[in-house]
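In the working numbering, the protein residues as written are 47 to 423.
Cβ coordinates follow ideal geometry from the N, Cα and C atoms, glycine included.
None of the values given here were measured: they were computed from a predicted structure.
Okay, structure first, notes after.
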Ligand SMILES: *[C@@H]1O[C@H](CO)[C@@H](O)[C@H](O)[C@H]1NC(C)=O
Ligand SMILES: *[C@@H]1O[C@H](CO)[C@@H](O)[C@H](O)[C@H]1NC(C)=O
Ligand SMILES: *[C@@H]1O[C@H](CO)[C@@H](O)[C@H](O)[C@H]1NC(C)=O
Ligand SMILES: *[C@@H]1O[C@H](CO)[C@@H](O)[C@H](O)[C@H]1NC(C)=O
Ligand SMILES: *[C@@H]1O[C@H](CO)[C@@H](O)[C@H](O)[C@H]1NC(C)=O
Ligand SMILES: *[C@@H]1O[C@H](CO)[C@@H](O)[C@H](O)[C@H]1NC(C)=O
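This is how it looks when you write it as structure tokens:
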């Protein structure tokens, strides 16, 4: 009888987390109520639906088959399911991330997501995306303005003192930089002529410092920044490079990543009382791509959903003809487990889940100088 009770409990609990193998066994392993809210800033790695509600968005993912694995409907996330921040929210007994721009998002007390796919920290990123797509993204500075509105609204509803306390205990996530490199720099000849790789990555770092300092001045105390992954190994880049990772892109990423320890030192020197860490998935994701045996990955730089070599053609996942017939390849649900990438440029729900677990409770190889669970007190 005792056996039956235990297995029933497990059945009830497991679906809340995820069967990726390396997930903790209970629902809210970081503890309920320890972190009241998560505020998220950045690009498509953490956009839970902002672009869906942005005027003239440059990039969208609010159509089938996005969301097919977990939400079973498109949510605007550039994924088949959850982003890593959604897992973090779940582990803290918070709702999955909600886009600030979604008119249905009216309660800010558990946090909100400002991230916009395609955005960056440099003006040239927004300008280049605009000239290439005719579309709009919300750069980090615009996301900060939205946050100031949210703060004002919180002060109005719970008062200044309670808002200060809430923000001080919340986790702030800034996952950004990919598009500064791929759009704002590489695809903008003015920028590549004006700035060396060393200069442009320093400019990105300075912009991120400025954002972090502003967040600190507004009350943030627990901040999670992000190193960049192997951008040159995205299906879209590998497809353009005869099957190999684009090393010039990866070298820019590595240069940017190498400046994060000094950024942390600078923040620590100027933001007394802040706890700032950064996730660093570069080696881990490169490992998944090159030899993912340990996690069941065998389709390294292939997108599950898309067209062209490696399914790497931009914007192809979800495209249909006038009759609604799919114009894209889609791997089966069984095969999807073997894919690191969902589409031409974004990782799967499974990959996000493994990374989330590492960021939350992993060693200081993937999250530095310590993991997110250390912020959950
Ligand atoms: C390149 O970046 C500059 C600086 O932000 C911007 O003014 C310009 O419009 C961009 N050029 C293109 C072609 O996107
Ligand atoms: C960072 O802030 C300083 C001081 O306000 C400003 O001079 C600088 O232009 C900003 N840098 C970037 C890259 O945003
Ligand atoms: C592309 O890769 C194939 C197989 O590795 C090789 O035979 C071919 O020469 C390469 N093409 C170019 C243009 O590098
Ligand atoms: C891939 O990694 C596994 C362990 O994770 C190892 O056993 C295997 O030898 C590796 N394969 C290659 C080709 O490196
Ligand atoms: C769409 O359907 C119509 C009617 O069946 C057909 O005549 C037409 O060729 C189809 N168009 C495409 C692009 O498949
Ligand atoms: C993650 O951080 C917690 C809290 O500081 C610590 O107890 C744990 O050992 C860390 N995990 C790893 C794998 O380092």
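When DSSP states are grouped into helix, strand and coil, residue 178 belongs to the helix group. Residue 271: not part of any alpha helix (DSSP H); member of the beta strand (DSSP E) spanning 268–272, first to last residue. Secondary structure at residue 159: strand, using DSSP grouped into helix, strand and coil. Considering only 120, 221, 104 and 270, the residue with the shortest C-alpha distance to residue 179 is 104. Shown here, residue 405 sits in a helix according to DSSP, grouped into three states.
The alpha carbon of residue 197 has as its nearest neighbour, out of 400, 415, 347 and 211, the alpha carbon of 211. In this structure residue 314 is exposed. Its beta-carbon is surrounded by fewer than 16 other beta-carbon atoms within 10 angstroms. The segment 180–190 makes contact with the segment 85–103; the number of CB pairs closer than 8 angstroms reaches 3 or more. Residue side-chain check: residue 137 keeps its Cβ at 7 angstroms or more from all non-hydrogen atoms of ligand 6. Per DSSP, reduced to three states, the secondary structure at residue 385 is strand. It is roughly 8 angstroms from the alpha-carbon of residue 341 to the alpha-carbon of residue 334. Taking residue 95 as the centre and dropping the five residues before and after it, the same chain places the C-beta of 121, 122, 123, 145 and 148 closer than 7 angstroms to its C-beta, in chain order. From the listed residues 344, 185 and 420, the smallest Cα separation to residue 404 is found for 420. A straight line joining the alpha-carbon of residue 109 with that of residue 381 spans about 21 angstroms. In terms of side-chain proximity, the C-beta atom of residue 337 is found nearer than 7 angstroms to a non-hydrogen atom of ligand 4. Under the 8 angstroms Cβ criterion, the segment 377–392 counts as touching the segment 349–361, having at least three qualifying pairs. Its Cα nearest to that of residue 131, the residue 270 stands out among 172, 239, 270 and 264. Taking all protein chains in view, the Cβ of residue 345 is crowded by 16 or more other Cβ atoms within 10 Å, so the residue is classified as buried. Under a 10 Å Cβ-count criterion, residue 101 is classified as exposed, with fewer than 16 other Cβ atoms of the shown protein chains found around its own Cβ. Contact between residue 97 and residue 163 holds: their C-beta atoms lie close to 5 angstroms from each other, under 8 angstroms.
Judged by DSSP secondary structure, residue 324 falls within the beta strand (DSSP E) whose first and last residues are 321–325.
It is roughly 6 angstroms from the alpha-carbon of residue 143 to the alpha-carbon of residue 159.
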